[in-house]
Amino acid sequence: MNKFLVILFFFLLAGCSSAETFKKPNFIFIMVDDLGKEWIETYGATEIKTPNINQLAETGVIFNNAYSMPQCTPSRVALITGQYPYSSGWINHYDVPRWGHGVNFDADKNPSFAKALQSEGYATCIAGKWQINDFRIEPKAMEKAGFQEYCMWTGYESGNKPSENRYWDPYIFTKNGSKTYKGEFGPDIFSDFIIEFMTKNKEKPMCIYYPMVLTHSPFVHTPQEPEVKTKYQKHQAMVRYTDFIIGKIVKSMKELDILDNTYLIFTTDNGTSNGIIGKRDSVYVRGGKSFLTENGINAPFLVVTPDKKQFVSDALIDFTDIYPTLLDLAGVEDNSKSTGYSFAEVLQGKSQQSKRDWILSMGGLTAKISDNDRMENWFTFRDRVLRDEKYKVYTDTLKNIVRVFDLEVDPYETKNLIGASEVKKTIEKFENILSSLPDQDAQPKYKKTVDSLYNVPDEKLNCCGGPKGARKTNMLPLATEEAFLKLSIKN
63 MNKFLVILFF FLLAGCSSAE TFKKPNFIFI MVDDLGKEWI ETYGATEIKT PNINQLAETG
123 VIFNNAYSMP QCTPSRVALI TGQYPYSSGW INHYDVPRWG HGVNFDADKN PSFAKALQSE
183 GYATCIAGKW QINDFRIEPK AMEKAGFQEY CMWTGYESGN KPSENRYWDP YIFTKNGSKT
243 YKGEFGPDIF SDFIIEFMTK NKEKPMCIYY PMVLTHSPFV HTPQEPEVKT KYQKHQAMVR
303 YTDFIIGKIV KSMKELDILD NTYLIFTTDN GTSNGIIGKR DSVYVRGGKS FLTENGINAP
363 FLVVTPDKKQ FVSDALIDFT DIYPTLLDLA GVEDNSKSTG YSFAEVLQGK SQQSKRDWIL
423 SMGGLTAKIS DNDRMENWFT FRDRVLRDEK YKVYTDTLKN IVRVFDLEVD PYETKNLIGA
483 SEVKKTIEKF ENILSSLPDQ DAQPKYKKTV DSLYNVPDEK LNCCGGPKGA RKTNMLPLAT
543 EEAFLKLSIK N
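In this note's numbering, each number is its position in the sequence shown, counted from 1, plus 62.
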């Protein structure tokens, strides 16, 4: 019996020792606003120099097939919750609450990865652009979402003109309330806040979410390039300043000696603004924001791991996978509603492929303003694309596949293969996937807001939601997207 107890003791001791050696990693997640691969040198951009982002790629993992959603709002909700827009209801940009539609993100019903990590002892913070709550109504929204510290641009709040500023003279919300920071540049305030948080919490495991306000319009000059004049010059300056901030954060991480226990993730929420044309691998590419073409949703995605693994990955991932991956890397059980898949094994070099056979993006079409001034989806089943390692399919709003592209030979989607015998089995495969998806997408739950708080002119709503009384239809406006596709790529 004594011998048995001695053996048991050593087993328990070994187990405790093993548990103690696992040090929870830090996570720093940086997401740029409105920037496609044609503006990242690592992905072949030739109209810009991004040396600090290049350095991330040279010391990290380069993903070629990472899908965001085509617009700000659905990308952000998918990212933080691990749910597709058809489940969460946050499908389009018009859902933002600060325009008076009466919908706010419910952090209790849709917990974020920050909330899950905070419950496991992580120090959490966020700086930049949140998008999905109105801080005037919900001043504790960030804390409810799991962020202990926060420094946020409010987004353009209806009836509050100073709040439109995210760059010069920015209007920023913190625990002390919202105010204008006269004479300052918003991206500097946000990045300094991140660095200060890292400095204060470097002895703890940290989860830092930095959804940048750069490089979204309005296009402005930066502190480093005050003389730029044209929209194109300002956009380039903003991209260069984004790269400067990346270098500033990495430099601080090195000084704080936390780089070797940190997963640093860099991505963007969707493609570049449509008015900006970049050049990638000798091809001129128009910004694809709000469209489901590859330049709108195939996001740059770089990860620097603690052990600095360096390789290029063709693994399929999308934004719903980020939530389960962070929890997996932290050794935390995932009890969320997330439908994503962890790609931790890819980052750890244990597998070349993710657990996915397909990825999905959706959320590009507009909505309508109903008779009672509420925003409503035009369609019960929204437009979307699905792809595997080779093929990509587009669906219409009747759940039919209407376009097929072979991305291996046609990365710019110029030849629709629908009807070709060579893709018959591919279509059948994707039809089976579609049949497993809900026939009706979830809708945000709208409620009446305070009229005095939301005095929004119709033209402001119409710019993002379509005209009042717009006729409902059951067909995806293919001509619109096909016309855009022709404009997007110029040889």
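Quick reminder that beta carbons are idealized off the backbone N, C-alpha and C, glycines included.
- In summary, Val471 is exposed, with fewer than 16 beta-carbon neighbours lying within 10 Å of its beta-carbon over all protein chains present.
- A check of alpha carbon separations from Trp230 across Asn88, Asp170, Glu490 and Leu276 identifies Leu276 as the nearest.
- Annotation: the continuous beta strand (DSSP E) that includes Lys241 extends over Gly239 to Thr242.
- The alpha carbon of Arg198 has as its nearest neighbour, out of Val374, Leu141 and Ser220, the alpha carbon of Ser220.
- Distance from the CA atom of Lys351 to the CA atom of Ala140, rounded to whole angstroms, is 17 angstroms.
- Taking a cut-off of 8 angstroms on C-beta distances, the region 206-219 does not touch the region 289-297, as fewer than three cross pairs fall below it.
- Beta-bridge analysis with DSSP links Leu326 to Ile90 and Val366.
- Counting only residues of its own chain and dropping the five nearest sequence neighbours on each side, Thr304 has a CB closer than 7 angstroms to the CB of Val94, Met274, Leu276 and Thr277.
- Contact between Ala392 and Glu100 does not hold, since their C-beta atoms are separated by about 34 angstroms, which reaches or exceeds 8 angstroms.
- Taking 9 angstroms as the cut-off, the Cβ atoms of Arg228 and Leu354 do not count as close.
- Within its own chain, the residues whose Cβ lies closer than 8 angstroms to the Cβ of Asp501, once the five positions on either side in sequence are excluded, are Thr442, Phe443 and Lys461, listed in chain order.
- The C-alpha of Lys241 is placed about 14 angstroms away from the C-alpha of Phe252.
- The residue among Gly337, Tyr346, Pro201 and Thr324 with its C-alpha nearest the C-alpha of Lys85 is Thr324.
- In its chain, beyond the 5 residues on either side, Glu356 have a beta carbon closer than 7 angstroms to the beta carbon of Pro473.
- For Ser253, the secondary structure class from DSSP, reduced to helix, strand or coil, is helix.
- The alpha-carbon of Thr104 is positioned some 13 angstroms away from that of Leu97.
- If you draw a straight line from the Cα of Thr112 to the Cα of Leu118, it is about 10 angstroms long.
- One alpha carbon belongs to Glu246, the other to Pro386, and they sit about 37 angstroms apart.
- According to the DSSP assignment, Phe125 belongs to no alpha helix (DSSP H) but to the beta strand (DSSP E) extending over Val123 to Tyr129.
- Note: Arg342 is bridge-paired with Ala107 and Val345 in the DSSP secondary-structure output.
- In the three-state reduction of the DSSP assignment, Ile270 falls in the strand class.
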